[in-house]
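In what follows, a structure is listed as structure tokens, so that the remarks can point back to it.
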Amino acid sequence: MTDGSPSRLSGLQMVNPHLIAGTDALGRSFRDVPAGGSTPLPGDPGPLEVEIAGAGRMWDLPAWNAGTYGTSLLVLVAGRVVHEWYAEGLGPADLFLGASMTKSALAHLVGIAVGEGALGLDDPVVDHVPELAGSGYAGCTVRHVLTMTTGVDWIEDYRDPSSRATRLTACFSGSGGSSRELLTGIGPADPPGTRYQYCTADSQVLDWVRERATGLAYPDAVTLLWSTLGATCGAIVGLDGDGVAMAGGALAATTRDWARIGLLQLDGTVGGRGGQRVLDPSWVELTCIPSLPFLRPGRLPSSITTHAGFGAHWWPTDDAGRQVTADGSRGQFAYVDRDLDVVVVKTSQWPYEDFLADRQFRDLSYLGLAEIARTAARAHGA
1 MTDGSPSRLS GLQMVNPHLI AGTDALGRSF RDVPAGGSTP LPGDPGPLEV
51 EIAGAGRMWD LPAWNAGTYG TSLLVLVAGR VVHEWYAEGL GPADLFLGAS
101 MTKSALAHLV GIAVGEGALG LDDPVVDHVP ELAGSGYAGC TVRHVLTMTT
151 GVDWIEDYRD PSSRATRLTA CFSGSGGSSR ELLTGIGPAD PPGTRYQYCT
201 ADSQVLDWVR ERATGLAYPD AVTLLWSTLG ATCGAIVGLD GDGVAMAGGA
251 LAATTRDWAR IGLLQLDGTV GGRGGQRVLD PSWVELTCIP SLPFLRPGRL
301 PSSITTHAGF GAHWWPTDDA GRQVTADGSR GQFAYVDRDL DVVVVKTSQW
351 PYEDFLADRQ FRDLSYLGLA EIARTAARAH GA
């Protein structure tokens, strides 16, 4: 466990300075993930002419980037970079906190564990983590935590300083105890499998189960994934005071390496479409397609999203799961169009405003991501 050095964190610091002080999702303790390869993503990035309709007007790409407080944008068609942009002072070597995009990277790690036979979707959580036997997770399976249908007593509200969500975040900011001890104290609210509730605690439990099943802590599992994907830059993982990773929200990586996470979601292979197989095709489908009617797009609580449903730690925008995204707070996205063979990564620095402002930025971002994918596919022959 080491503190991130200023040079490693310089880009991230420019994106969101207060994260370095450890007062939000990325904690004061860090673990470095080394680069996994030396071969850059292929492609010859150039301009992309896009017209995005939203918020009562048309936006070209520079205006959309500015209007959604963008910090970087990367577009890949058929595994090749066709467009790359960074806000002033930022570049390809800078690390961007993925926030809850980290959850989608976690889904890849769980998929690897399932594919290796270390973990089963219907395994009871407590078979792997008996410490949770007295909690609301006692009747839950791996499938329940993957789909956030555990029914535990949880509200994802960071405005309330006494909420469990705020207290969980505090564990990773150096100001509040053991994250896993907090998880053991979460009680039940509804029977598992009967409702959806966005719950970062579910992601933390999911990673605890994965760790017990595989013997690999989250940073070590990411290190192996980085090697498999050939990620050309290192990454940083935020830890609590016990050295436990914030697997639900504190992975920081370059925009290009976030794109590698998106490429893997196309079909489970490195680089997408025929590379080395990492994830079974059935796993990719499971993460993309809502498994219950109330998980479909348009059926989730409007306070969560009006644009997507929930698969298994990925957000599909259609019932068939052909377009999905990793989605992190304040405008972090890895959008994957599996029909068009396009990946779009957008990082942002939305201001900390009220719910309505956040929703407006999200609306415009989702509209733009889909249009960028369609335009790029037309322009580059996909």
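Read in order, the letters of the sequence shown correspond to residues 1 to 382 in the UniProt record's numbering. Where a beta carbon is used, it is the ideal one built from N, C-alpha and C, also for glycine. This one's a predicted model, so the numbers in the text were calculated from it and none came from an experiment.
In the same chain as His144, and ignoring 5 residues on each side of it, the C-beta atoms closer than 7 Å to its own belong to Thr150, Pro192 and Gly193, in chain order.
Here Glu371 is buried, its C-beta having at least 16 other C-beta atoms within 10 Å. Taking C-beta separations shorter than 8 Å and ignoring five residues to either side along the sequence, the partners of Phe361 in its chain run Thr68, Tyr69, Gly331, Ser348 and Trp350, following chain order.
Closest option to Trp226, judged by alpha-carbon separation, among Ala217, Ile261, Leu90 and Gly368: Ile261. With fewer than 16 neighbouring CB atoms inside 10 Å of its own CB, Met58 falls in the exposed class.
Each of Thr223, Thr306, Gln276 and Asp257 was checked against the Cα of Pro92, and the nearest Cα belongs to Asp257. Within the DSSP bridge table, the entry for Ile52 names Trp59 as partners. Contact annotation, Asp341 with Gly272: C-beta distance approximately 7 Å; criterion of less than 8 Å satisfied. Burial state of Ala63 is exposed, judged by a 10 Å Cβ sphere holding fewer than 16 other Cβ atoms.
Sorting Ala105, Met246 and Leu229 by C-alpha distance to the C-alpha of Arg277 places Leu229 at the top. Counting C-beta pairs closer than 8 Å gives three or more between the stretch 183-203 and the stretch 240-252, which meets the contact rule.
Close CB contacts of Ser135 within its chain, under the 6 Å cut and outside five residues either way in sequence, are with Thr184 and Ile186 (chain order). In the DSSP secondary-structure assignment, Gln332 is bridged to Gly328. Close CB contacts of Trp85 within its chain, under the 7 Å cut and outside five residues either way in sequence, are with Asn65, Ser72 and Leu73 (chain order).
By the beta-carbon neighbour count (other beta carbons within 10 angstroms, threshold 16), Pro34 is exposed. The straight-line gap separating the alpha-carbon atoms of Gly328 and Thr39 is approximately 27 Å. Around the CB of Asp242, fewer than 16 other CB atoms lie within 10 Å, so the residue is classed as exposed. Beta-bridge pairing by DSSP links Leu239 to Ser29 and Ala245. Between Gln197 and Met148, the alpha-carbon positions lie close to 6 Å from each other. Assignment of beta-bridge partners to Asp337 by DSSP yields Gln323 and Val342. In the three-state DSSP reduction, Phe96 falls in the strand class (E or B). Taking C-alpha positions only, Val324 is separated from Gly46 by approximately 25 Å. Comparing C-alpha distances from Gly368 to each of Gly381, Arg378, Arg359 and Lys346 shows the shortest one belongs to Lys346.
The DSSP assignment places complete beta strand (DSSP E) segments of no fewer than 3 residues inside the stretch 247-316 at 251-253, in order along the chain.
Following the DSSP letters along the chain, one finds Arg195 in no beta strand (DSSP E), marked with neither H nor E. The DSSP-derived three-state label of Trp208 is helix.
Annotated three-state conformation of Glu84 is strand, per DSSP. For Thr184, there is no enclosing beta strand (DSSP E); the residue is found in the alpha helix (DSSP H) stretching over Ser179 to Thr184.
Glu49 counts as exposed, since fewer than 16 other C-beta atoms from the protein chains shown sit within 10 angstroms of its C-beta. In this structure, DSSP gives Pro188 an extended state, which the three-state scheme calls strand.
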